[in-house]
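**Student:** Adding 27 to a residue's 1-based position in the sequence shown gives its number in our numbering. We put the beta carbon where it would ideally sit given N, CA and C, even for glycine. In this text, all values refer to a predicted model and were calculated from it rather than measured experimentally.
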Amino acid sequence: MWLPWSSSRAPSNSPQANNERSFPEDLRFQQAEQDVVHLGRAWGELTQLSSAGYALLAFGASALLYTGWLAHRKWDPVYSRYFKRIRRHYEVPDSYIKEKRYMKGIVTSVPDGDGFSFLHTPGPGWRWPLKFRRLPYVGPKGSSEVMRMRMAAVDAPEVGKGETEGQPFSAESQKWLESQVLGRTIYCQLLKRESQYGRMIVLPFLPRRFIPWWFTGNRGTNLSEEIIRRGWAFVYESTAGEFPHPEKREGYLTLMAEAQKAKVGMWKHGTSLETPAQYKKRTKQGIPPETTDSDSDENEEEASWFRRSLKRVFRSH
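1) CA-CA distance, histidine 296 and lysine 290?
2) Can we count glutamate 205 as close to the ligand GDP, meaning its CB is less than 7 Å from some heavy atom?
3) Can you check which of these residues, Phe261, Thr281, Tyr117, is closest to glutamine 194 by C-alpha distance?
4) Could you compute how far the alpha carbon of tryptophan 240 sits from the alpha carbon of glycine 247?
5) Where DSSP assigns a beta bridge to asparagine 249, which residues make up the other side?
6) Considering just the uninterrupted stretch of the alpha helix (DSSP H) at methionine 283, what are its terminal residues?
7) I need the DSSP call for asparagine 326, collapsed to helix, strand or coil.
8) In terms of residues, what are the limits of the alpha helix (DSSP H) holding threonine 310?
9) Keeping to the same chain, check which residues put their C-beta closer than 6 Å to that of glycine 142; ignore five residues upstream and five downstream.
10) So lysine 219 is in the beta strand (DSSP E); what residue range does that whole segment cover?
11) Starting from tyrosine 123 and walking both ways along the alpha helix (DSSP H), at which residues does that stretch end?
12) Please classify threonine 135 as buried or exposed, where buried requires at least 16 other C-beta atoms within 10 Å of its C-beta.
13) As an exercise, report each continuous beta strand (DSSP E) stretch of at least 3 residues that is fully enclosed by the segment 108-165, in chain order.
14) Under the three-state reduction of DSSP, which class applies to leucine 204: helix, strand or coil?
15) Which of the three DSSP states is assigned to threonine 298 in this structure?
16) Return the residue from the list Lys219, Val181, Ser170, Lys275 that minimises the CA-CA distance to aspartate 121.
17) Would you tell me roughly how many angstroms separate the C-alpha atoms of tryptophan 378 and glutamate 199, rounded to the nearest one?
18) Look at the alpha carbon of alanine 82 and the alpha carbon of serine 89, and state the distance between them as a whole number of angstroms.
19) Going by CA-CA distance only, name the one from Gln305, Lys202, Ile133 that's closest to valine 292.
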């Protein structure tokens, strides 16, 4: 018969309850004793090893250390070539330029029509679904981990600085390049280190969207050729200009001649434009821009009207 005051559980102050509370502590004590016994047996077995056993252990430890050292030596070149991120343009090794290696990265800003800022992103892991590497933050003022790149073989109209007015079509050239590469992944073939500003002179390629380059062997659209073909840049004809191959100079000049003939881009009003080299020389000397043909025609018309007015005045007298 069950009674309200009856219970199968012993009171908290009973000897049975005290035994139940002390039972886990006994188990822990027994486990500690067993661990001490096992450790003593293992140490005893180790001390009973023969000289051959010690030699075998030493050989195994040496083999393990050598394997780790060799793996590090072999992995370091692989990591440096395919996974190590170069943060600044002056950190690019000379061996990379000598071998004309390709660098993969994201364009973060485009200040003019022939240069851009480049964030190196080697190897996989930068994009989903296999994203395990994090890009550095690039704020409105840029970042200390971007590389300054200059496009090879082209010379875009100069953008104005401060109170100096830029060349005509400089904004259009900059906007065209920005629409092609800003925020996108491109490949840059390293050609030369610029001596004056330290920038890297590169040949940029815009990869295909769906076909990987290793499948076709083609890195994509050559942006140096494309900007000349669209009529937004001159060919860098100076001896300091860098071309991927000397024989390609004529090819770039041919592309510019075709753009001038088609009147595309900045050639839509004619070919008598001031080159960036002429602009730099003129602004350095403080010479104002030359008067255009339309301005000279207006001046001639004003002068002829003044002469005709004088003739009428003298005839009236």
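**Tutor:** The structure says:
1) Translated into positions along the sequence shown, residue 296 becomes position 269. Translated into positions along the sequence shown, residue 290 becomes position 263. When rounded, the distance between both Cα atoms is 7 Å.
2) With respect to the ligand GDP, the structure offers nothing, as it holds no ligand at all.
3) On the sequence shown, residue 194 is found 167 positions in, with the first residue counted as 1. Nearest C-alpha to glutamine 194: Phe261.
4) The sequence position of residue 240 within the sequence shown is 213, counting from 1. The sequence position of residue 247 within the sequence shown is 220, counting from 1. Cα to Cα, the separation comes out at about 7 Å.
5) The residue labelled residue 249 in the question sits at position 222 within the sequence shown. For asparagine 249, which the question treats as bridged, DSSP gives the partners Phe232.
6) As a position in the sequence shown, residue 283 is number 256, starting the count at 1. Looking at the DSSP string, the run of the alpha helix (DSSP H) that includes methionine 283 is 276-289.
7) Taking the sequence shown and counting its residues from 1, the one referred to as residue 326 is at position 299. With a pLDDT of 47 at asparagine 326, under the threshold of 50, the predicted position of this residue should be treated as unreliable, though the coordinate-derived value follows. Asparagine 326: helix per DSSP, three-state reduction.
8) On the sequence shown, residue 310 is found 283 positions in, with the first residue counted as 1. 303-312 is the span of the alpha helix (DSSP H), which, as asked, contains threonine 310.
9) The count along the sequence shown starts at 1 and reaches residue 142 at position 115. The residues are Arg177.
10) Your numbering for residue 219 matches position 192 in the sequence shown. 212-220 is the extent of the beta strand (DSSP E) around lysine 219.
11) As a working note, residue 123 is residue 96 in the sequence shown. Taken as a continuous stretch (DSSP letters only), the alpha helix (DSSP H) holding tyrosine 123 covers 121-126.
12) Your numbering for residue 135 matches position 108 in the sequence shown. So threonine 135 counts as buried.
13) 129-139, 142-147
14) One-based indexing of the sequence shown puts residue 204 at position 177. Here leucine 204 sits in helix by DSSP.
15) Your numbering for residue 298 matches position 271 in the sequence shown. Note: threonine 298 maps to coil in three-state DSSP.
16) Indexing the sequence shown from 1 puts residue 121 at position 94. If we check each option's Cα against that of aspartate 121, Lys219 comes out closest.
17) Absent from the model: residue 378. The displayed extent of the chain is 28 to 344, so no value can be given.
18) Here residue 82 is taken as the residue at index 55 of the sequence shown, counted from 1. Here residue 89 is taken as the residue at index 62 of the sequence shown, counted from 1. Cα to Cα, alanine 82 sits roughly 10 Å from serine 89.
19) In the sequence shown, the residue the question calls residue 292 occupies position 265. Checking the sequence shown, residue 292 turns out to be glycine, not valine. With distances taken between Cα atoms, glycine 292 lies closest to Lys202.
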